[in-house]
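A.B. asks:
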Amino acid sequence: MQESSTTGIVSDEQSWWKEAVFYQIYPRSFNDSDGDGIGDIPGIVEKVDYLEELGVDAVWLNPVYESPQADFGYDIADYRAINPEYGSMDDWDRLLEELHARGIKLVMDLVVNHTSIDHEWFQRSRAREGKYEDYYIWRPGQDGEYPNNWDSHFDIPAWTYDDERAEYYLHLFTRDQPDLNWENSDVREDVYDVVSWWLERGIDGFRLDVINEISKAPGLPDGDPEAEFVGGEHHVNGPRMHEFFDELAERGFGEHRDQVATIGECTFIDPGTALDVTGRESNLLDMVIYFDHVQLDGRDRFDYREWELTDLKEAMTRWQDAAAEGTWVALYHSNHDQPRAVSRFGDPEYRYESATMLATWLHGHKGTPFVYQGEEIGMSNVSFKSSDDLVDPWVINYWHNQREAGREFAEVRENVERLSRDNARTPMQWSDAEHAGFSASEPWMPVGDDYETVNVAADRERDHSVFEYYRELIALRDGMDVLVYGEFDLLLPGHEQIYAFRRALPEADRELLVVCNFSAERPAFEAPASVDVADATVVLSNLSEPDTDPSALDLRPYEAIIYEL
């Protein structure tokens, strides 16, 4: 029998954002109210009762600010205006009002590592106008070469030459997303004003996009050319990051800091640094969004490799250890940047079973669960008939690079279909009506091939549905402190099909056993001797008639069971 790997417990301070279940809305693809093929804020308002029915406590809203949409909202042209495609500020005010009326909090996306090239700040900076001259990171280049050898995240060099200013500007993402110069105190003050402005409007927090890349190394030195991400060592967790974080917390969030949630997306972060940025050395972040578990099948986005369950256990346990030491983590397996979990970690042939097993597995860990739109009905990846179907700028850049290397689309299609962000951005499947009930006209992206059978309306009519299981799981977590604050104890760390763990809250005398089968096989589970299952009772199971005795189980494909011990 394999030994267990135990994570200890600390006394956790209770917070609403620890106990909440978040629902992430990608507005462009959620619900279209006016029939133009693009989701909008009034469309979200139409579905607030749906969110209440699901039982979620908070919404994370992807960017709805004014934007040319080069990266679908993550290129912001005006932080204080709503993109007209999505509606108006009055529409946004109504959304906030309707959510709050149902006890649902609203967290906005804050993107302040970079802006759009259409932002007034950039236009004035390229013209060398007054204080704006150094609002961005400009360099003359060296003998016609880039200022340094850094890569962007999007498979292109991190520098673009601007004819008007006759210099290069740094962009760690697309060419349309120039990086702000956080070394400039005027930039920081303008960012803090934006944060304060939205907090005064009544929002409940921010998800801070790539926030650990705002500090760049002095002199912008060349990166290691052999590194996986060239230049990353000079702008990930940079030298003034903690200073900037503390200043943002004090001057931006101010008196609101203790009431709102701050969720930091942190690239290439390790648990030790996460502990620092969630309280040990700075006071900005409540929790971190990390990437270890969603990079097992390809840290380089389109270099797919098979993943192993033992690697997933190791990645998750590293962060459960960090949670035990005092940090807090966002729990997710899907979002707008990731392929669909049923296709990635489960099996679309077992859509219900694998979707509900994955939900049980994720929500069973310590941290704050995030549900991405469509996850609660088991939406899966899509197929791309040709390169013309690609929308995501990241995958388009990848395809262009591959084509220049002489490859045909058929040669890269499998990798694209496995890992493209487009998988997550197809319209929400509300019904079997035309365009999946998302819009009255042709959507901005094609709907999934399976929308006639996989949709909200159909799931509501099924006796056993992914949607209903999510409702039960969310309600269970809401009523069990042990699922929120309990210690985590990984069981059978070397098993290649079963992911099992124990959650325990000694001060409340509560203990749970979670058993998940990550395969279409029927593996046998035998409870370790360290787990007392004599009085075990089934709390929740994704399949009917679960075995009530967890001492020895013959698990069915993608079966998941939670026992109270």
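Under the working numbering, think of the first position of the sequence shown as 1, with each following residue one higher.
Even glycine gets a Cβ: it sits at the ideal position worked out from N, Cα and C.
Evaluate the contact criterion for the region 220 to 232 versus the region 150 to 157: three or more CB pairs, one atom per stretch, below 8 Å.
C.D. replies: Yes: at least three Cβ pairs fall under 8 Å.
A.B. asks: For Asn517, which residues does DSSP report across the bridge?
C.D. replies: Bridge partners of Asn517: Ile498.
A.B. asks: Between Ala520 and Pro546, how many whole angstroms is the CB-CB distance? I'm expecting something under 8 Å.
C.D. replies: Contact doesn't hold; Cβ gap of about 18 Å is too wide.
A.B. asks: How big is the Cα-Cα spacing for Asp554 and Ala217?
C.D. replies: About 55 Å.
A.B. asks: Less than 9 Å between the C-beta atoms of Gln320 and Lys366, yes or no?
C.D. replies: Yes, the Cβ-Cβ distance between Gln320 and Lys366 is below 9 Å.
A.B. asks: I need the straight-line Cα distance from Ala359 to Pro221, nearest angstrom please.
C.D. replies: Going from the Cα of Ala359 to the Cα of Pro221 covers about 44 Å.
A.B. asks: Can you tell which of Phe245, Tyr398 and His256 has the C-alpha that lies nearest to the C-alpha of Thr278?
C.D. replies: Checking every option, the nearest Cα to that of Thr278 belongs to Phe245.
A.B. asks: According to DSSP, which residues form a beta bridge with Ile562?
C.D. replies: Paired residue(s): Val514 and Leu540.
A.B. asks: Tell me whether the beta-carbon of Phe518 lies closer than 9 Å to the beta-carbon of Leu312.
C.D. replies: Going by C-beta atoms, Phe518 is nearer than 9 Å to Leu312.
A.B. asks: Relative to the C-alpha of Arg228, which candidate in Ala166, Asp463, Tyr352 and Gly298 has its C-alpha closest?
C.D. replies: The identity of residue 228 in the sequence shown is Glu, whereas the question assumes Arg. For Glu228, the nearest C-alpha among the options comes from Gly298.
A.B. asks: Please state whether DSSP places Tyr50 in a helix, a strand or coil.
C.D. replies: Reduced to three states, the DSSP call for Tyr50 is helix.
A.B. asks: Look at the alpha carbon of Asn335 and the alpha carbon of Asp478, and state the distance between them as a whole number of angstroms.
C.D. replies: Asn335 and Asp478: Cα-Cα distance of roughly 22 Å.
A.B. asks: Tell me, please, whether the region 179 to 198 touches the region 132 to 151 by the rule of three or more beta-carbon pairs shorter than 8 Å.
C.D. replies: Because the criterion of three Cβ pairs below 8 Å is met, the region 179 to 198 and the region 132 to 151 touch.
A.B. asks: When the cut-off is 9 Å and only beta carbons count, does Leu95 lie next to chain B?
C.D. replies: The chain labelled as chain B is not found in the depicted structure, where only one protein chain is given.
A.B. asks: Quick one: Cα of Met241 to Cα of Ser282, how far?
C.D. replies: C-alpha separation (whole angstroms): 9 Å.
A.B. asks: I'd like the list of long-range same chain contacts for Trp430, defined as Cβ closer than 8 Å, with 5 residues on each side in sequence excluded.
C.D. replies: Here the set comprises Asn31, Ala436, Gly437, Phe438, Asn455, Val456 and Ala457.
A.B. asks: Does Thr537 pass the burial test, meaning 16 or more other C-beta atoms within 10 Å, or should it be called exposed?
C.D. replies: Classification of Thr537: exposed, given that the 10 Å Cβ count is below 16.
A.B. asks: Between which two residues does the beta strand (DSSP E) harbouring Arg240 extend?
C.D. replies: Per DSSP, Arg240 belongs to no beta strand (DSSP E) and is neither H nor E.
A.B. asks: Which residue's Cα is closest to the Cα of Ser67: Thr368, Asp176 and Glu52?
C.D. replies: Checking every option, the nearest Cα to that of Ser67 belongs to Asp176.
A.B. asks: Fully enclosed by the region 331 to 410, which beta strand (DSSP E) runs are 3 residues long or longer?
C.D. replies: Correct list: 368 to 372.
A.B. asks: Spatial neighbours of Ile580 within its chain, please: CB distance less than 7 Å, with the 5 preceding and 5 following residues excluded, ordered by chain position.
C.D. replies: This structure leaves residue 580 out entirely; the chain is present only between 1 and 565.
A.B. asks: Hey, how far is the Cα of Met316 from the Cα of Leu331?
C.D. replies: Distance between the alpha carbons of Met316 and Leu331 is about 10 Å.
A.B. asks: Grab me the residues of Met236's own chain with a C-beta within less than 7 Å of its C-beta, minus the 5 sequence neighbours each way, in chain order.
C.D. replies: Sequence check: residue 236 is Val here, not Met. Asn212, Glu213, Thr267 and Phe268.
A.B. asks: Would Ser354 be called buried (16 or more neighbouring beta carbons within 10 Å of its own) or exposed?
C.D. replies: Buried, by the Cβ-count rule.
A.B. asks: For Val194 and Asp40, what's the separation of their Cα atoms in angstroms?
C.D. replies: The straight-line gap from Cα to Cα measures roughly 22 Å.
A.B. asks: Within 10 Å of its beta-carbon, does Gln14 have 16 or more other beta-carbons around it, so buried, or fewer, so exposed?
C.D. replies: It is exposed - the Cβ of Gln14 has fewer than 16 other Cβ atoms within 10 Å.
A.B. asks: Quick test of your reading: Leu483 and Leu565, contact by CB under 8 Å. State the CB separation rounded to the nearest angstrom.
C.D. replies: Actually they are not in contact, since the Cβ atoms of Leu483 and Leu565 sit about 14 Å apart, beyond 8 Å.
A.B. asks: Tell me, please, which residues DSSP counts as bridged to Gln24.
C.D. replies: In DSSP, Gln24 forms a bridge with Trp60 and Tyr372.
A.B. asks: Give me the Cβ distance between Tyr74 and Val111, rounded to the nearest whole Å; I'm assuming they're in contact under 8 Å.
C.D. replies: 5 Å between Cβ atoms; contact.
A.B. asks: Could you tell me whether the region 391 to 402 touches the region 364 to 380, where touching means 3 or more Cβ pairs closer than 8 Å?
C.D. replies: No, because fewer than three Cβ pairs between the region 391 to 402 and the region 364 to 380 fall closer than 8 Å, the two stretches do not touch.
A.B. asks: For Ser196 and Asp459, what's the separation of their Cα atoms in angstroms?
C.D. replies: If I take the Cα positions, the gap works out to 41 Å.
A.B. asks: So Thr356 packs on Tyr192, CB below 8 Å; how close in whole Å?
C.D. replies: Actually they are not in contact, since the Cβ atoms of Thr356 and Tyr192 sit about 43 Å apart, beyond 8 Å.
A.B. asks: Spatial neighbours of Ser125 within its chain, please: C-beta separation below 7 Å, excluding the five flanking residues on both sides.
C.D. replies: Answer for Ser125: Tyr132, Glu133, Tyr135 and Tyr136, listed in chain order.
A.B. asks: Determine which residues share a DSSP beta bridge with Glu552 and list them.
C.D. replies: Going by the sequence as given, residue 552 is Ala instead of Glu. Paired residue(s): Glu526.
A.B. asks: To the nearest whole angstrom, what separates the beta carbons of Leu491 and Pro528, a pair I think is in contact under 8 Å?
C.D. replies: Indeed they touch by this definition, with Cβ atoms about 6 Å apart.
A.B. asks: At the level of alpha carbons, what is the spacing between Ser324 and Phe488?
C.D. replies: In the sequence under discussion, the amino acid at residue 324 is Ala, which differs from the Ser named in the question. Their Cα atoms are separated by approximately 8 Å.
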